[in-house]
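Shown next, in C-alpha cells, is the structure this report addresses.
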Amino acid sequence: MNSKIYKLSALFFFLTIASFYFSCKKDDKKDDTTPITTTSTDKDASVAEDNETAESEFEEVFNYVDEESNTNDNLRTTGGDIDTFFVNPTRYACVDTVRFKRSGSLLNPPIKKEIRFIFDSSKTCNNGSRRMGKIVAKMEGAYKKLGTVVTITFEDFYVQRPNMTKWIHIQGTKTITMKAATTTSRTINVKVTGAKLTWMQPDSATAKISWQSDRTREVTVSNSEPFKTVKFYGTASGVTRKNKAYSAVVDSTTALIKKSNCKWIVSGKLTITRTDSTTIKERTLDYGDGTCDDKATVKLASGDTVQIRLR
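In our numbering, the protein residues as written are 215 to 525.
Printed below as a string of C-alpha cells:
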C-alpha cells in the first residue's frame, strides 16, 4: 500500500472531500487502478471548490431559517394574523430586515407563515461573505412540528464570498421536512432541487454550477458536551464549472457524525463517483472511529490507502 499525507483546505461537510477525489489524478484518462505515485502533478481542485461553494451556500440558507426558529416565537405559535418586521437584527450581521407574516389560526386553518431575509450588500456577514437580495421561507404550521414542510427560495439573491471579487447568483429550491421531533432530538429531510450558481460577468455564460441533494439529518441535543450531535446521510450530485459530473453517497449505516465539541467530522464513510467517466472509479473516504482528530483515509480502487489531514 502507498501512503501519503495531503493538506486539504477548509471544505464544508461531506461533499467537500471531492477535492481529494481528483487531486490524485494526473488527468481524467488515468485509470484509478494505477497505484498512486509521488510524481502526481495534478492541481485541479475545481470539483472541490464547486462542491464547497454549493454545499456551504445552501447550508447557510438553512442556518438562517433554523436560527430564526430559535429566536422568533411566532414560528412556534399558532396565533392569528401577523405582518411585522425587524430592522437590523443584531444576530445577523448583514441582514437589513427580517419580515414575518402569519395568516390563519387553529380555528381558521391553514396556518401559513413566511419569513423574508432582506440583505444589505454593504455589510459583511458572520462568515465573511457579502449578500444581496432575499431569502424567502414559507411553511404551514409550527416550525419543528412533525410533518411541517419549509420551502426556501430566492429573489434576486447574490453572494460575494470571502476573497472573491465576483458575485454569484444563487437559484434553486430547498425543502426541509420535519420527520420526527422530541425535546432532545429531531430528524429532518433536506432536499435541494434545481440549484444553479452562476458567476457574474464577464464569464457568466460558462461559469455555472448545477447541483442537487437529498439528505437526512438526525440532530441530538444534550445538556453536557457534546451539546449537539448531527448524523447525516444521503445523496448529492452535480456538474461543475468545468462540466465534470459527479455523485456522492453516504449510506445510513455509515453516516457521517459531527459533534459540537469537535471541529471535524469524527466518523462515517463517503463514496464519490465521477458519473461522466468510464475510467475513474469510485473512492471511499473513511473519517475514522469517532476520535476527534484531523485525520481520515481514502481507499482507492487500486487498493491503495491514502491518509489525508483535514483543516
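Even for Gly, the Cβ is constructed at its ideal location relative to N, Cα and C.
### Task
Can you tell me which of the three DSSP states Asn277 falls into?
helix
### Query
Can the beta-carbon of Ser474 be found less than 8 angstroms from the beta-carbon of Asp503?
no
### Query
Does DSSP classify Ala268 as helix, strand or coil?
helix
### Query
Which residue from Ala515, Thr505, Cys506 and Ala510 puts its Cα closest to that of Glu496?
Per the Cα distances, Ala515.
### Query
Helix, strand or coil: which one does DSSP assign to Thr389?
strand
### Task
Express the C-alpha separation of Lys327 and Lys358 in angstroms, rounding to a whole number.
In a straight line, the C-alpha of Lys358 is about 13 angstroms away from that of Lys327.
### Query
Considering only residues of the segment 331-412, which uninterrupted beta strand (DSSP E) runs meet the minimum length of 3 residues and lie entirely inside it, listed in chain order?
344-354, 363-374 and 382-395
#### Entry: For Thr493, the three-state DSSP class (helix, strand or coil)
coil
### Task
Give a yes or no on whether the C-beta atoms belonging to Ile366 and Val444 are separated by under 8 angstroms.
no
### Task
Could you work out which residue in Leu320, Asp280 and Gly294 is closest to Arg305 when comparing CA atoms only?
Asp280
### Message
Rounded to whole angstroms, what is the Cα-Cα separation between Phe314 and Ile402?
### Response
Going by the C-alpha atoms only, they are around 23 angstroms apart.
### Query
Which residue from Lys352, Val363, Ile479 and Val309 puts its Cα closest to that of Val404?
With distances taken between Cα atoms, Val404 lies closest to Val363.
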